[in-house]
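Numbering (the working numbering), first residue to last: 263 to 653.
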Ligand SMILES: Cc1ncc(COP(=O)(O)O)c(C=O)c1O
C-alpha cells in the first residue's frame with residue numbers, strides 16, 4: 263500500500279465499487295447495449311440553451327463569477343421558484359452550485375457536525391450518505407415500502423428521531439423509486455419538523471416531473487418551514503443538462519451569507535458559460551422542456567403495464583423517470599438479475615442495493631431511451647425472465 267493510501271483520513275469510507283466496475287466491463291464489450299440504468303436524460307440540451315452558451319463564449323464570459331453565481335441567474339432562479347412552487351426566496355437567498363451534487367455537500371457542511379444524525383428517505387440517492395459521513399455525521403435511512411408505492415410515512419420518520427437528529431432529507435419525487443410524497447404527508451412532516459425542532463433539506467430536483475394526478479408541494483412554503491429548510495434543485499434533469507453542472511440552493515439570507523466562504527472553497531463558482539446557458543434555460547421558451555416531460559410520461563405509461571405483463575410488481579411512481587421494480591418473482595437476487603440480464607441480453611439496469619436498499623428484491627429502471635428501444639429492452643427482459651423461470 264502506498265504511504266498516501268495508508269494515511270487516508272478516516273472520513274474517507276471506501277465504497278465497494280466491484281459490482282459497478284464488473285457491470286461496466288460487461289457493457290463495454292457489447293454492441294447491442296440498451297442502457298436503462300443511469301439517471302441521465304437521453305435528450306440533447308435544447309438548442310436555444312446551447313446557443314446561449316455559444317454566445318457567452320463569443321462574448322468572452324471566460325472568467326470567474328462571484329461564488330453565489332451571476333446576478334441574472336440568481337434572479338431567474340428566484341423568479342422560477344416563486345412562479346412554479348410558490349417559494350419565496352430573494353436573490354440574496356440563492357447560491358448557484360456545480361450541480362445539485364455540490365449543493366448537497368455544501369448543505370451538509372453547513373448543517374451537519376460530527377455526531378449528528380441525518381434522516382434520509384430510503385431507498386435513496388446515496389450521495390447523501392457520503393456527504394453526511396464526510397461531515398462526521400451518521401446517515402439514518404427512513405424506509406419506504408412497495409405496498410405504499412414507496413410513499414413516506416411520517417411515523418417511520420418520527421420513530422427514528424433521537425436527541426442527536428439534526429435534519430431530515432426529503433427527496434420528492436425520489437430517486438430511485440419515483441415516489442412523490444403527497445401534500446398531506448408533506449404537511450405532517452412539516453408538523454413533525456416544527457414539533458421536534460428538525461431542520462429539513464428538501465431535494466426537489468425532479469419537482470417538475472410529476473405525473474397526474476400527483477402533486478408537488480414545496481415544504482418551505484408551509485408556515486414556519488422557510489427558516490428551517492434548505493431547498494435544493496438544479497437544471498441537470500429538467501433541462502437535460504447533466505454535463506453542464508448547474509444546481510442551486512435556496513435558504514434564508516443570513517445562512518447563505520455564512521455559506522459563501524465554504525462555497526468559494528469547494529469550486530469558487532459553477533462554470534461561467536453554463537451559468538449563462540442556465541439563464542436561457544429558465545427564462546427562454548419552455549416548449550422543448552414540456553415536450554421532453556410529455557415524452558417521459560408516454561414512456562412511463564407504456565412501461566408500467568408492460569412490466570406487469572412480464573410478471574413484475576412495482577411501486578407506482580408519481581414522478582421522476584424511474585420505476586422501482588420488484589424482480590423477486592424470478593428467484594434471482596437483484597444484483598444477480600442485473601448481471602445475468604446484461605450478460606445474456608445486453609440490457610443494463612441497476613439493483614436497488616446500489617441505492618442503499620437492504621432488500622435484494624428491486625431494480626431501478628430509468629426510462630431514458632427512445633420508446634422503440636425501451637420496447638426492445640422489455641422484449642429481451644421478458645425472454646430472459648421466461649428462460650430464468652424454466653431453468
Ligand atoms: C435526488 C438527486 N439529487 C441530486 C442529484 C445530483 O444532480 P446534479 O448534481 O446533476 O444536479 C441527483 C442525480 O442523480 C439526484 O438523483
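Every residue gets a Cβ at the ideal spot worked out from N, C-alpha and C, and that includes glycine.
Just so you know, these numbers come straight off a predicted model, no measurement behind them.
Test item: CB-CB of residue i and residue j under 9 Å
| i | j | result |
| --- | --- | --- |
| residue 488 | residue 350 | yes |
| residue 429 | residue 484 | no |
| residue 511 | residue 356 | yes |
| residue 585 | residue 500 | no |
| residue 577 | residue 321 | no |
| residue 331 | residue 495 | no |
| residue 613 | residue 634 | no |
| residue 636 | residue 587 | no |
N-terminal and C-terminal residue of the alpha helix (DSSP H) that residue i is part of
| i | result |
| --- | --- |
| residue 589 | Note, residue 589: premise wrong, no alpha helix (DSSP H); not H, not E. |
| residue 663 | The displayed coordinates of the chain run from 263 to 653. Any statement about residue 663 would go beyond what the structure contains. |
| residue 342 | 333-347 |
| residue 534 | 534-545 |
| residue 601 | 596-607 |
| residue 267 | 265-268 |
| residue 523 | 515-529 |
Distance between residue j and residue i (C-alpha atoms, nearest Å)
| i | j | result |
| --- | --- | --- |
| residue 296 | residue 610 | 6 Å |
| residue 550 | residue 383 | 31 Å |
| residue 367 | residue 642 | 39 Å |
| residue 341 | residue 348 | 10 Å |
| residue 387 | residue 394 | 12 Å |
| residue 733 | residue 338 | Since the first residue shown for the chain is 263 and the last is 653, residue 733 is missing from the structure and cannot be characterised. |
| residue 329 | residue 631 | 36 Å |
| residue 644 | residue 423 | 43 Å |
| residue 327 | residue 540 | 14 Å |
| residue 516 | residue 392 | 26 Å |
| residue 336 | residue 559 | 30 Å |
| residue 638 | residue 490 | 47 Å |
| residue 371 | residue 508 | 19 Å |
| residue 605 | residue 454 | 47 Å |
| residue 268 | residue 369 | 30 Å |
| residue 290 | residue 506 | 25 Å |
Segment limits, beta strand (DSSP E) that includes residue i
| i | result |
| --- | --- |
| residue 448 | No beta strand (DSSP E) holds residue 448; the alpha helix (DSSP H) holding it covers 445-457. |
| residue 293 | Segment: none, residue 293 is in no beta strand (DSSP E) and carries neither H nor E. |
| residue 628 | 624-628 |
| residue 462 | 461-465 |
| residue 351 | From DSSP, residue 351 is part of no beta strand (DSSP E); its letter is neither H nor E. |
| residue 368 | No beta strand (DSSP E) contains residue 368, which is instead part of the alpha helix (DSSP H) from 361-373. |
| residue 550 | Per DSSP, residue 550 belongs to no beta strand (DSSP E); it is in the alpha helix (DSSP H), 549-571. |
| residue 430 | 427-433 |
| residue 326 | It is not in any beta strand (DSSP E) - residue 326 carries neither H nor E in the DSSP assignment. |
| residue 493 | 491-496 |
### Query
Touching or not, the region 432-439 and the region 572-586, by the rule of three or more beta carbon pairs under 8 Å?
yes
### Cβ contact check for the region 394-402 and the region 363-378: 3 or more pairs under 8 Å
yes
### Query
Around ligand 1, which residues pass a check of Cβ closer than 6 Å to any of its heavy atoms?
So the residues near ligand 1 by this Cβ test are 301, 361, 362, 363, 387, 433, 437, 465, 467, 496, 498, 504, 509.
### Task
Indicate whether the contact test is met: 3 or more Cβ pairs, each with one atom in the region 615-631 and one in the region 454-473, closer than 8 Å.
no
### Query
Taking contact to mean at least 3 C-beta pairs separated by less than 8 Å, is the region 448-467 in contact with the region 309-316?
No contact exists between the region 448-467 and the region 309-316.
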